[in-house]
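Chains as they are written, first to last, in this note's numbering: chain A, 243 to 358; chain B, 79 to 186. Even for Gly, the Cβ is constructed at its ideal location relative to N, Cα and C. Predicted, not measured: the structure shown is a model, and the values here were computed from it. Everything below concerns the one structure shown next.
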Amino acid sequence: GAGVSQSPSNKVTEKGKDVELRCDPISGHTALYWYRQSLGQGLEFLIYFQGNSAPDKSGLPSDRFSAERTGGSVSTLTIQRTQQEDSAVYLCASSSETGGPGNTIYFGEGSWLTVV
Amino acid sequence: GQNIDQPTEMTATEGAIVQINCTYQTSGFNGLFWYQQHAGEAPTFLSYNVLDGLEEKGRFSSFLSRSKGYSYLLLKELQMKDSASYLCAVDNDYKLSFGAGTTVTVRA
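Pasting the structure below:
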């Protein structure tokens, strides 16, 4: 697609429920990132996918968080047993290369998650 | 670990110049990015520096000193639409580590 597409754009869920957030990266981009941004805070790295390599999961805050990338394209971020502190904007981004100027990453509009 | 520091807020007058500083201490360095983020929107790319010196792009310029772990973003001829958060990000191998962002408010 023309840009990074994320869905849902807004999600309100009850504490303890599971949620799935979807990201469709820019066509042809091999690298895909998930970041989290809490209100008034900077971007927190969650997970990184590059081609067929094993993903870098070092930023996932707990084992309730997981992510998959199927067919090297669409990615799903799953949060199990949501907690109120999970409320944030979840931003997906993609890039065509790793490192250097080609590593300009392009962000989607984000999925705004509110856990009540 | 990664440590990227930038001021929380800055205020300037329309038509003026503002300089946003960023200092960093990271385990790796493949370049430094500046992103602009308007409230409620996704960050958008502004600039990239990998070598020391100044990169100019219209009203926006970005400077890098790798030996000092320092960068700045210079916004000239400020316009009301420049009111936004400006994020400094270090390319650490393959992932970007972001600062908390500097909120710039432009007043008439």
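Beta bridge pairing from DSSP links LEU319 of chain A with A:LEU263, A:ALA309. Assignment of GLU87 of chain B by DSSP, reduced to helix, strand and coil, places it in the strand class. Counting along the chain, GLU119 of chain B sits inside no beta strand (DSSP E), nor does DSSP assign it H or E at all. Looking from the CA of PHE123 of chain B, the closest CA among B:ALA186, B:CYS166, B:THR91 belongs to B:CYS166. Going by DSSP, PHE141 of chain B is part of the beta strand (DSSP E) stretching over 138 to 143. Residue environment for GLY313 of chain A: exposed (fewer than 16 other C-beta atoms within 10 angstroms of its C-beta). ALA244 of chain A places its beta carbon 8 Å or farther from that of GLN279 of chain A. When the five nearest sequence neighbours on each side are left out, the beta carbons in the same chain lying within less than 7 Å of the beta carbon of MET88 of chain B are those of VAL96, ILE98, THR180, VAL182, in order along the chain. When beta bridges are read from the DSSP output, ALA335 of chain A appears opposite A:TYR275, A:PHE349. Pairing GLY93 of chain B with GLU134 of chain B gives a Cβ-Cβ distance that is not under 8 Å. In the DSSP assignment, GLU134 of chain B falls within the beta strand (DSSP E) that extends over 131 to 135. For TYR290 of chain A, the chain B residues whose C-beta falls within less than 8 Å of its own C-beta are TYR172, LYS173, listed in chain order.
A distance below 6 Å between beta-carbons, with the five flanking residues on each side excluded, links ASP298 of chain A to the following residues of its chain, in chain order: TYR290. Counting only the Cα atoms, GLY131 of chain B lies some 10 Å from TYR150 of chain B. Using a 10 angstroms sphere on the CB of ARG311 of chain A, the tally of other CB atoms reaches 16 or more, which defines it as buried.
With respect to the 8 Å criterion, ALA120 of chain B and LEU333 of chain A are classified as neighbours on the basis of their beta carbons. Shown here for GLN80 of chain B: same chain residues with a beta carbon closer than 6 Å to its own, the five before and five after excluded, namely THR104, SER175 in chain order.
The Cβ atoms of SER338 of chain A and HIS271 of chain A sit closer than 8 Å to each other.
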